[in-house]
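In the numbering used here, the protein residues as written are 15 to 261.
The beta carbon of each residue, even a glycine, is placed where N, CA and C say it ideally should be.
Note that this is a predicted model, so its numbers are computed, not measured.
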Ligand SMILES: Nc1ncnc2c1ncn2[C@@H]1O[C@H](COP(=O)(O)OP(=O)(O)O)[C@@H](O)[C@H]1O
Ligand SMILES: [Mg+2]
């Protein structure tokens, strides 16, 4: 149930700057980021370690506050929201997947997936969670604790959890970073299936060029500056930048 037109923006970033104070003085991590992501798009952010990718993702997901600049997320200007309003926006519109899965150790797979739905007051949270776990091929693992699951299975639980509240935008920080290539491919298949079916906007930070190439657009972060890769919009199969790095 979207009140956003197909070509409306999911995320608009204007001149975003993030400076932190360190023992060595001020460090500007993000140096004026601009980007505009349409609802339903899939976006990959590549770039070397330490270039600012996770910092950007945290800001976009309203988990952190910029030094200056503006972010419009699902129609809301983040600078105009207090912490409570940001939490409400995250709960309703945004999900996050981490490289390290971040499941609750003491909860079963089913309970982990139910959790955000229960927090959001969804009535049939259990039934929905069962359906989501079925979608990711884990019907036979409902009562397992995270430590009783493989890495790939844990990440599938994290995906089920991320999609249960039908987020407008899903942020994933190296979602396949801790998985072998077979499990990484499965996770990617699931992300894109859910992107297509639910029109969820995907923003993925990744070192995995195959995963990046499956996204509609590719950006590269370098020392706090973000640029869109050549041929990014043209579904990238022949992108010289990316093709070169894979071969
Ligand atoms: N709160 C912070 N205080 C000081 N330095 C930070 C802080 N957060 C990130 N950094 C530094 O900013 C740079 C970018 O970090 P990060 O966004 O995590 O990069 P990436 O995800 O691309 O590897 C790194 O050099 C990191 O050490
Ligand atoms: Mg990172």
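Requested in this report: Use the C-beta contact count for residue 138: other C-beta atoms within 10 angstroms, 16 or more gives buried, fewer gives exposed.
Outcome: exposed
Requested in this report: Please name the residue, chosen from 34, 56 and 106, that lies closest to residue 216 on a Cα-to-Cα basis.
Outcome: Per the C-alpha coordinates, the member of 34, 56 and 106 positioned closest to residue 216 is 56.
Query raised in the report: residue 246 to residue 120, Cα distance in whole Å?
Result: 42 Å
Query - Same chain, Cβ closer than 6 Å to residue 22, five either side skipped, listed in chain order - result: 53
Query raised in the report: Taking the beta strand (DSSP E) that residue 155 falls in, what are its first and last residues?
Result: Unbroken run through residue 155: none, as it is neither H nor E.
Query raised in the report: For the alpha helix (DSSP H) that residue 236 lies in, which residues bound it at each end?
Result: Taken as a continuous stretch (DSSP letters only), residue 236 belongs to no alpha helix (DSSP H), being part of the beta strand (DSSP E) at 231-236.
Query - Proximity below 9 Å, CB of residue 187 to CB of residue 112 - result: Contact annotation: residue 187 and residue 112 have beta-carbon atoms nearer than 9 Å.
**Report entry** Own chain residues within Cβ distance below 8 Å of residue 122, not counting five before or after
**Finding:** 156, 157, 158 and 159
Query raised in the report: Sorry if obvious, but does the Cβ on residue 32 come closer than 8 Å to a heavy atom of ligand 2?
Result: no
Query raised in the report: Do the CB positions of residue 115 and residue 172 come within less than 9 Å of each other?
Result: yes
**Report entry** Any 3 or more C-beta pairs closer than 8 Å across the stretch 175-182 and the stretch 124-134
**Finding:** yes
Requested in this report: Note down the Cα distance separating residue 51 from residue 26, rounded to an integer number of angstroms.
Outcome: 6 Å
Query raised in the report: Any idea what DSSP makes of residue 183, helix, strand or coil?
Result: strand
Query raised in the report: Comparing the CB of residue 66 with every heavy atom of ligand 1, is any distance shorter than 8 Å?
Result: Yes, ligand 1 has a heavy atom inside 8 Å of this Cβ.
Query raised in the report: Would you say the stretch 57-72 touches the stretch 230-244, given that touching needs at least three Cβ pairs under 8 Å?
Result: yes
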